[in-house]
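Q: Got a structure for you, written out below as structure tokens; questions coming shortly.
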Amino acid sequence: MEDAYQQDQPVFTKLSDLAVWACSSLIRSLGFRPLPSAPTNSKDLRLGITANTYELPDVYPLRVVVKTVVVGGHVSVVAMLIRPSSQQQWEVQKADKG
Numbered sequence: 003m004e005d006a007y008q009q010d011q012p013v014f015t016k017l018s019d020l021a022v023w024a025c026s027s028l029i030r031s032l033g034f035r036p037l038p039s040a041p042t043n044s045k046d047l048r049l050g051i052t053a054n055t056y057e058l059p060d061v062y063p064l065r066v067v068v069k070t071v072v073v074g075g076h077v078s079v080v081a082m083l084i085r086p087s088s089q090q091q092w093e094v095q096k097a098d099k100g
């Protein structure tokens with residue numbers, strides 16, 4: 003039984019992977035959903051920076067970009083709330099995807 007429990011647990015070989023997973027879990031618990039194709043998503047392995055974009059569906063046009071920076075044993079998280087420039091543009095984008 004203990005082996006099955008260990009297999010179900012996420013395994014992180016790097017602190018940066020753990021930090022990104024923890025941030026993603028926190029943002030998702032607030033109701034945000036990931037936007038995998040957002041132009042603000044990025045990953046720079048050399049600098050240890052990961053940026054992921056999330057949206058809050060069915061409320062109003064609101065997105066958050068979460069940047070996770072890992073330097074040595076230290077983790078820094080920066081979250082920036084962004085809104086699309088116009089409601090009409092947002093509605094067109096949502097209609098195209100859904």
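Counting from 3, one number per residue, gives the positions in the sequence shown under our numbering. We treat Cβ as the ideally placed atom computed from N, Cα and C, and that holds for glycine.
Taking C-alpha atoms, which residue in Val-73, Leu-20, Thr-42 lies nearest to Met-82?
A: Looking at the Cα atoms, Thr-42 is the closest of the given residues.
Q: Quick one: using the 10 Å Cβ neighbour count with 16 as the cut-off for buried, is Ile-84 buried or exposed?
A: Exposed, because fewer than 16 other Cβ atoms sit within 10 Å of the Cβ of Ile-84.
Q: Taking the alpha carbon of Ser-39 as the point to measure from, which residue in Val-71, Glu-57, Leu-28, Val-80 has its own alpha carbon closest?
A: Out of Val-71, Glu-57, Leu-28, Val-80, Glu-57 has the C-alpha closest to the C-alpha of Ser-39.
Q: In chain order, which continuous runs of the beta strand (DSSP E) of length 3 or greater are located wholly inside the segment 20-87?
A: Whole beta strand (DSSP E) segments, 3+ residues: 44-46, 51-57, 65-73, 76-84.
Q: Sorted by chain position, which residues of the same chain lie with C-beta nearer than 6 Å to Leu-17's C-beta, five sequence neighbours on each side aside?
A: Only Val-72 meet the Cβ criterion.
Q: Please classify Ile-29 as buried or exposed, where buried requires at least 16 neighbouring CB atoms within 10 angstroms.
A: With 16 or more other Cβ atoms within 10 Å, it is buried.
Q: Can you find the residues in the same chain that come closer than 6 Å, C-beta to C-beta, to Val-105, ignoring five residues on each side of it along the sequence?
A: Residue 105 is absent from the model: the chain starts at 3 and stops at 100.
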